[in-house]
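A.B. asks: Position in the sequence shown counted from 1, then plus 514, gives you the working numbering. Using N, Cα and C, we set each Cβ at its ideal position, and we do this for glycine too. Have a look at the structure that comes next, please.
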Amino acid sequence: LAGSETTATALSAITYYLLRTPKAMKNLRREIRTSFKTYSDINSKSTLDLPYLGAVIQEGLRIYQPLPIALPRVVPEGGDTVDGHMLPAGVIISTNPIAASLDPGNLEDHKTFKPERYLGYMEMRKTLAKLFWKYDMELVNTELDWHRDSEMHTLWRKPAL
515 LAGSETTATA LSAITYYLLR TPKAMKNLRR EIRTSFKTYS DINSKSTLDL PYLGAVIQEG
575 LRIYQPLPIA LPRVVPEGGD TVDGHMLPAG VIISTNPIAA SLDPGNLEDH KTFKPERYLG
635 YMEMRKTLAK LFWKYDMELV NTELDWHRDS EMHTLWRKPA L
């Protein structure tokens, strides 16, 4: 979630699913509003102590992944050999992101625990906490189906919320 588009997609999807699930939104709002006395108390550090907010973010990322596909690559002119297999020039290939992130050939410190890789979570925690502290929202277009009305390209083309 390092990029701004993926973070924006995650925030939009999480907001949509909260609006579609009033009980979850009520639980989140209760946790946020009982945890902070003022809007200005909400910051990146203070939102770390909100377990329900963390669960909301995790579930949002599970149900609507910000980057829905492995990013495609084109084999360069002359072709290439990968793991003993010859790939002709111009072939479009992709790799599962999980496999790529755990491969020591792709990341020198793949076994090192580095939370800094996931600072997008901090931005989402702070944004969602401030959003649901300040505003009572409801879904105006109840006919909207986030999955049906989204278009998938390399990144999601999201419908208006």
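So, using beta-carbon positions, are Leu581 and Ser608 closer together than 8 Å?
C.D. replies: Numbered from its first residue, the sequence shown carries residue 581 at position 67. Numbered from its first residue, the sequence shown carries residue 608 at position 94. Contact flag unset, no.
A.B. asks: Of the residues Ala522, Met638 and Lys648, which one's Cα is nearest the Cα of Leu564?
C.D. replies: Residue mapping note: residue 564 aligns to position 50 of the sequence shown, counting from 1. Among Ala522, Met638 and Lys648, the Cα nearest to that of Leu564 belongs to Met638.
A.B. asks: Should Ala643 go down as buried or exposed, given a rule of 16 or more other Cβ atoms within 10 Å for buried?
C.D. replies: What you label residue 643 is simply residue 129 of the sequence shown in a count that begins at 1. Classification of Ala643: buried, given that the 10 Å Cβ count is 16 or more.
A.B. asks: For the ligand SAH, is there a heavy atom less than 7 Å away from the beta-carbon of Asp555?
C.D. replies: As presented, the structure is devoid of all ligands, the ligand SAH included, so that no description of it is given.
A.B. asks: Grouping DSSP H, G and I as helix and E and B as strand, with all else coil, what is Asp663?
C.D. replies: For this step, residue 663 is matched to residue 149 along the sequence shown. Three-state DSSP puts Asp663 in a helix.
A.B. asks: Count the other CB atoms within 10 Å of the CB of Ala527; is the residue buried (16 or more) or exposed (fewer)?
C.D. replies: Walking along the sequence shown from the start, residue 527 turns up at place 13. Looking at its Cβ environment, which holds 16 or more other Cβ atoms inside 10 Å, Ala527 is buried.
A.B. asks: Whole-angstrom Cβ separation of Met651 and Leu533, contact assumed at under 8 Å?
C.D. replies: Here residue 651 refers to the residue found at position 137 of the sequence shown. Here residue 533 refers to the residue found at position 19 of the sequence shown. Confirmed, Cβ separation roughly 6 Å.
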